[in-house]
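Worksheet: one structure, shown below.
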Amino acid sequence: MTNRDDKTLTSSGFYVSQEAPIHSGNPIPTPTAPAPDILRCAYMELVVTDLAASRNFYVEVLGLTVTEEDEDTVYLRSLEEFIHHNLVLRKGPVAAVAAFSYRVRTPEDLDKAVAFYTELGCRVERRAEGWTKGIGESVRVEDPLGFPYEFFHDVEHVERLAWRYDLYTPGALVRLDHFNQVTPDVPRAVGFMQDLGFRVTEDIQDEAGTVYAAWMRRKPTVHDTAMTGGDGPRMHHVAFSTHEKHNILAICDKLGALRMSDAIERGPGRHGVSNAFYLYLRDPDGHRVEIYTQDYYTGDPDNPVVTWDVHDNQRRDWWGNPVVPSWYTEASLVLDLDGNPRPVVARTDDSEMAVTIGADGFSYTRMGDEEKGFKLGNTL
Ligand SMILES: [Fe+2]
Numbered sequence: 001m002t003n004r005d006d007k008t009l010t011s012s013g014f015y016v017s018q019e020a021p022i023h024s025g026n027p028i029p030t031p032t033a034p035a036p037d038i039l040r041c042a043y044m045e046l047v048v049t050d051l052a053a054s055r056n057f058y059v060e061v062l063g064l065t066v067t068e069e070d071e072d073t074v075y076l077r078s079l080e081e082f083i084h085h086n087l088v089l090r091k092g093p094v095a096a097v098a099a100f101s102y103r104v105r106t107p108e109d110l111d112k113a114v115a116f117y118t119e120l121g122c123r124v125e126r127r128a129e130g131w132t133k134g135i136g137e138s139v140r141v142e143d144p145l146g147f148p149y150e151f152f153h154d155v156e157h158v159e160r161l162a163w164r165y166d167l168y169t170p171g172a173l174v175r176l177d178h179f180n181q182v183t184p185d186v187p188r189a190v191g192f193m194q195d196l197g198f199r200v201t202e203d204i205q206d207e208a209g210t211v212y213a214a215w216m217r218r219k220p221t222v223h224d225t226a227m228t229g230g231d232g233p234r235m236h237h238v239a240f241s242t243h244e245k246h247n248i249l250a251i252c253d254k255l256g257a258l259r260m261s262d263a264i265e266r267g268p269g270r271h272g273v274s275n276a277f278y279l280y281l282r283d284p285d286g287h288r289v290e291i292y293t294q295d296y297y298t299g300d301p302d303n304p305v306v307t308w309d310v311h312d313n314q315r316r317d318w319w320g321n322p323v324v325p326s327w328y329t330e331a332s333l334v335l336d337l338d339g340n341p342r343p344v345v346a347r348t349d350d351s352e353m354a355v356t357i358g359a360d361g362f363s364y365t366r367m368g369d370e371e372k373g374f375k376l377g378n379t380l
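If you count by UniProt numbering, then the sequence shown holds residues 1 to 380, one letter each, in order.
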């Protein structure tokens with residue numbers, strides 16, 4: 001390992017440091033009110049335009065379990081989940097995300113969330129128990145980055161189906177793993193999320209310090225959410241875990257058998273960032289869903305932060321396979337608390353797609369070797 005500034009180059013080709021070397025020139029003020037104690041990402045509320053088509057995709061194709069449903073809404077959970085749901089599909093006129101929802105440790109953390117976001121001048125609403133089925137009292141906010149965030153503690157417990165192997169399919173989804181958000185100014189977003197109690201586990205930067213993406217966690221995995229640089233606020237994807245890699249291959253085989261291979265956008269593959277095995281799908285509305293498995297434990301207080309060079313073509317796919325342009329450019333709208341789509345603000349920092357592919361971009365497989373070994377450059 002060799003040092004470069006405050007970062008150490010590892011034998012795997014990325015850098016590690018003790019604290020994320022991300023600094024914003026335009027920070028959101030740190031509230032004096034303490035942040036709520038967030039446990040984990042818990043569920044996403046998705047607005048879908050054809051509820052039957054979406055139900056078919058998430059239940060019949062991907063195998064999520066229906067906890068409850070009515071004419072307008074389907075509440076779904078993964079096999080190891082014991083809370084009411086991990087995904088809400090709600091019929092609506094515009095495909096979008098209504099809530100990124102997190103569970104907090106105690107009911108008092110809801111009061112902390114109200115104070116924290118009120119001090120920042122955000123719109124904050126308390127929702128009574130049952131406003132969302134299965135969820136107790138909740139706090140919904142329009143956060144400083146423009147995202148609809150929700151916090152709740154009390155929740156209806158349902159049966160954890162982990163032992164019900166008679167229900168497992170070859171591609172069984174066992175947990176909700178993370179969200180991924182698109183935001184124009186990643187350092188500003190990271191600083192805010194650190195104030196909210198998140199810790200950075202990995203990021204992608206260039207030599208000039210431009211930050212292209214960052215992964216942040218509360219639970220001891222690589223992330224509960226990630227901030228991806230781009231026009232936003234938008235939702236990049238929601239990710240569910242399988243137990244093992246072969247489960248992801250089984251999903252690909254099933255989609256082929258159903259003549260639904262066009263739902264596969266990218267992968268399967270191995271990520272550089274997070275080290276997880278991955279597959280990206282697009283649901284009937286174009287909402288992106290990642291199937292993800294086998295990242296690593298991050299719970300120690302001195303967990304090393306991994307920084308990838310944006311020009312390292314193994315950062316997003318460890319095998320050097322190309323990232324399709326739609327994956328960089330397309331994402332879902334997010335809604336305000338009235339249900340209206342939030343306006344999208346353009347990113348002004350460099351775009352990861354522009355600096356890594358095409359005439360103006362470059363990537364390498366071996367650092368210092370810019371003439372050879374860039375698989376994507378040979379295939380475009
Ligand atoms: Fe992801």
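Glycine included, C-beta positions come from ideal geometry on N, C-alpha and C. Just so you know, these numbers come straight off a predicted model, no measurement behind them.
As a quick exercise: from the options, pick the residue whose alpha carbon is nearest that of residue i.
{"i": "residue 305", "options": "214, 85, 367", "result": "214"}
{"i": "residue 87", "options": "264, 73, 94", "result": "73"}
{"i": "residue 222", "options": "273, 7, 66, 260", "result": "273"}
{"i": "residue 332", "options": "19, 44, 122, 320", "result": "44"}
{"i": "residue 344", "options": "177, 230, 170", "result": "230"}
{"i": "residue 62", "options": "315, 202, 127, 258", "result": "258"}
{"i": "residue 250", "options": "336, 298, 173", "result": "173"}
{"i": "residue 319", "options": "139, 10, 269", "result": "269"}
{"i": "residue 300", "options": "280, 199, 290", "result": "199"}
{"i": "residue 218", "options": "297, 228, 368", "result": "297"}
{"i": "residue 17", "options": "201, 220, 340", "result": "201"}
{"i": "residue 220", "options": "118, 335, 124, 302", "result": "302"}
{"i": "residue 6", "options": "79, 207, 338", "result": "207"}
{"i": "residue 190", "options": "156, 104, 228", "result": "228"}
{"i": "residue 84", "options": "136, 71, 252", "result": "136"}
{"i": "residue 291", "options": "145, 243, 321, 36", "result": "243"}
{"i": "residue 92", "options": "338, 216, 260, 357", "result": "338"}
Work out the CA separation of residue j and residue i for me, nearest whole Å.
{"i": "residue 293", "j": "residue 237", "result": "15 Å"}
{"i": "residue 394", "j": "residue 317", "result": "It is not possible to answer for residue 394, since the shown part of the chain is limited to 1 through 380."}
{"i": "residue 120", "j": "residue 256", "result": "48 Å"}
{"i": "residue 232", "j": "residue 352", "result": "15 Å"}
{"i": "residue 175", "j": "residue 276", "result": "14 Å"}
{"i": "residue 170", "j": "residue 57", "result": "16 Å"}
{"i": "residue 31", "j": "residue 24", "result": "16 Å"}
{"i": "residue 347", "j": "residue 280", "result": "23 Å"}
{"i": "residue 364", "j": "residue 205", "result": "15 Å"}
{"i": "residue 309", "j": "residue 128", "result": "46 Å"}
{"i": "residue 21", "j": "residue 151", "result": "28 Å"}
{"i": "residue 210", "j": "residue 355", "result": "11 Å"}
{"i": "residue 48", "j": "residue 289", "result": "14 Å"}
{"i": "residue 312", "j": "residue 125", "result": "43 Å"}
{"i": "residue 284", "j": "residue 262", "result": "11 Å"}
{"i": "residue 97", "j": "residue 330", "result": "14 Å"}
{"i": "residue 1", "j": "residue 8", "result": "Because residue 1 carries a pLDDT of 46, less than 50, the predicted location of this residue cannot be relied on, and no value is offered for it."}
Given that a residue counts as buried once 16 or more other Cβ atoms are within 10 Å of its Cβ, and exposed if not, what is residue i?
{"i": "residue 325", "result": "exposed"}
{"i": "residue 53", "result": "exposed"}
{"i": "residue 368", "result": "exposed"}
{"i": "residue 342", "result": "buried"}
{"i": "residue 167", "result": "exposed"}
{"i": "residue 164", "result": "exposed"}
{"i": "residue 286", "result": "exposed"}
{"i": "residue 183", "result": "buried"}
Could you tell me how far apart the beta carbons of residue i and residue j are, in whole angstroms, since I believe they sit closer than 8 Å?
{"i": "residue 147", "j": "residue 116", "result": "The Cβ separation is near 15 Å, so there is no contact."}
{"i": "residue 106", "j": "residue 153", "result": "6 Å"}
{"i": "residue 65", "j": "residue 77", "result": "5 Å"}
{"i": "residue 134", "j": "residue 68", "result": "7 Å"}
{"i": "residue 179", "j": "residue 28", "result": "Their Cβ separation, rounded to whole angstroms, is 19 Å, which puts residue 179 and residue 28 out of contact at 8 Å."}
{"i": "residue 383", "j": "residue 112", "result": "Limits of the chain in this structure are 1 at one end and 380 at the other, which puts residue 383 out of reach."}
{"i": "residue 110", "j": "residue 139", "result": "5 Å"}
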